[in-house]
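> Below you'll find the structure I mean.
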Amino acid sequence: MKICIITFSALYKPTFISTFSPCPINKEINKHTYENFSLVLKMEGRSHRAAIWAAVVAVVMAAAAWSGAGAQQVPCYFIFGDSLVDNGNNNQLQSLARADYLPYGIDFGGPTGRFSNGKTTVDVIAELLGFDDYIPPYATARGRDILGGVNYASAAAGIREETGRQLGGRISFSGQVENYQNTVSQVVELLGDEDSAAEYLSKCIYSIGLGSNDYLNNYFMPQFYSTGNQYTPQQYSENLIQQYAEQLRLLYNYGARKFVLFGIGQIGCSPNELAQNSPDGRTCVQRINSANQIFNAGLKSLVDQFNNNQADAKFIFIDSYGIFQDVIDNPSAFGFRVVNAGCCGVGRNNGQITCLPFQTPCSNRDEYLFWDAFHPTEAGNAVIGRRAYSAQQQTDAYPVDIRRLAQL
């Protein structure tokens with residue numbers, strides 16, 4: 002179990018220091034800790050020694066709560082996706098789709114390749130699943146570290162091979178699955194035989210979130226791709242779902258049994274689309290969102306299809322689109338003030354050009370849904386991650402949420 006040490010300044014201000022940065026403490030526990038400290042600070046007339054002892058008790062209480070909530074629920078977590086969950090796989094690629102520079106990671110101890118100011122959705126989910134550390138990228142995962150899972154996600158990646166090619170290097174869905182197959186070979190070596198590896202992998206969570214770039218950097222980019230002229234939105238969705246299903250079958254054949262399929266969010270509401278295609282900079286681009294909804298409906302149907310045909314596996318769908326709709330409809334309920342502009346970027350809605358190297362971002366990042374032209378802030382990612390793990394509405398996850406999937 003990872004230890005977080007809490008030190009005190011002369012003003013008794015608690016500072017969290019962990020064995021790695023940042024310390025992934027649950028917000029609920031963090032809040033509980035600060036409430037206990039606030040009691041300490043209010044003890045007027047008490048001696049410094051008494052105040053310090055009270056603070057120590059508060060720390061012990063918080064540590065007990067943390068250890069009770071932190072039991073790891075699955076042995077490993079494998080992640081496939083695009084820039085929404087990439088955590089460093091593109092850093093060494095010849096690609097325009099990279100985030101290994103400040104101010105990316107400004108709230109994560111520095112840039113890592115994550116396309117956010119801090120944690121991504123899968124980082125939040127890893128915490129909720131009880132992992133002591135975040136899942137390493139395939140580019141750097143070595144040795145026994147892979148037994149806890151690997152992140153294969155690559156910025157600009159799509160379901161289709163050609164998606165994102167104008168941005169340079171990226172690892173498509175099929176390429177990510179090939180990398181996973183290499184990982185499986187290593188797991189077999191580490192555990193001794195194929196049967197042991199199969200039993201181990203069957204208990205892991207497999208998270209897949211792809212499709213956004215197949216619209217942003219393919220279908221709705223006629224200057225580079227012909228798919229928008231070749232297919233109707235319905236035909237294009239069917240083509241994507243067919244290729245998606247092929248990769249799911251490969252993952253199944255290589256041991257995956259617990260699948261989480263993330264639907265596409267509201268791409269037509271991103272700062273980039275609002276900047277380019279919204280008359281008032283606030284009204285979402287309906288033709289893009291409508292196409293995304295068609296894809297999501299197909300993906301949800303795919304969940305039913307696989308659940309009916311693979312009795313020893315379980316597939317679930319996360320309604321990212323619907324969760325985003327809740328935030329956009331009532332931002333203040335989630336703590337947001339700005340949902341139509343990036344915290345860091347250039348031009349209209351801070352979305353015409355995405356966050357530039359060493360650009361100064363907004364200071365109130367927790368009040369912004371979007372970090373840059375395309376990607377959510379850590380605060381935005383936390384909303385998706387928490388509701389994917391533990392559904393707050395019946396439509397958030399189908400047929401069950403990640404918390405329940407981990408128990409099956």
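Under this note's numbering, the sequence shown has 347 at position 346, and the numbering climbs by one with no breaks.
C-beta: ideal position from N, C-alpha, C; glycine also.
All of these numbers come straight from a predicted model, not from anything done at the bench.
(1) For C356, tell me which candidate among N350, S364, G346 has the shortest Cα-Cα distance.
(2) Could you check where the beta strand (DSSP E) with I80 kicks off and where it finishes?
(3) Starting from the C-beta of P332, find all residues in its chain whose C-beta is less than 6 Å away, skip the five residues before and the five after it, and write them out in chain order.
(4) Helix, strand or coil for I1, going by three-state DSSP, please let me know.
(5) Closest Cβ-Cβ distance between D313 and chain D: below 8 Å?
(6) Can you tell me whether G346 is helix, strand or coil according to DSSP?
(7) Excluding five sequence neighbours on each side, which residues of the same chain lie with their C-beta closer than 7 Å to the C-beta of G89?
(8) Are D196 and E379 touching if we call contact CB-CB under 8 Å?
(9) Drop a sphere of 10 angstroms on the beta-carbon of A158, count the other beta-carbons inside from all chains shown, and report buried for 16 or more, exposed for fewer.
(10) Taking T184 and V151 to be in contact with their CB atoms under 8 Å, please state how far apart those CB atoms are, rounded to whole angstroms.
(11) Could you compute how far the alpha carbon of L252 sits from the alpha carbon of G352?
(12) Please report the residue range of the beta strand (DSSP E) in which F263 lies.
(13) Quick one, which of Y102, D101, E368, L217 has its alpha-carbon nearest E274's?
(14) So what does V339 bridge to, in DSSP terms?
(15) Here's a check: name, in chain order, each residue in its chain whose Cβ is nearer than 6 Å to the Cβ of V188, leaving out the five neighbours to either side.
(16) Determine, using beta carbons only, whether A398 and I329 come nearer to each other than 8 Å.
(17) Output the boundary residues of the alpha helix (DSSP H) element that contains Y207.
(18) Is S333 helix, strand or coil when you go by DSSP?
(19) Alpha carbon to alpha carbon, how far is Y201 from G149?
(20) By a C-beta neighbour count over all protein chains shown, 10 Å radius and 16 as the cutoff for buried, is A312 buried or exposed?
In short, the structure shows the following:
(1) G346
(2) 78-82
(3) V340
(4) Nothing can be reported for residue 1: it is not among the residues displayed for the chain, which extend from 2 to 409.
(5) Absent from the structure is chain D; it holds one protein chain and no more.
(6) strand
(7) T113, G114, P138, A140, T141
(8) no
(9) buried
(10) 5 Å
(11) 36 Å
(12) 259-263
(13) L217
(14) Y369
(15) A198
(16) no
(17) First-last for Y207: 206-210, but that is the beta strand (DSSP E), not the alpha helix (DSSP H).
(18) helix
(19) 11 Å
(20) exposed
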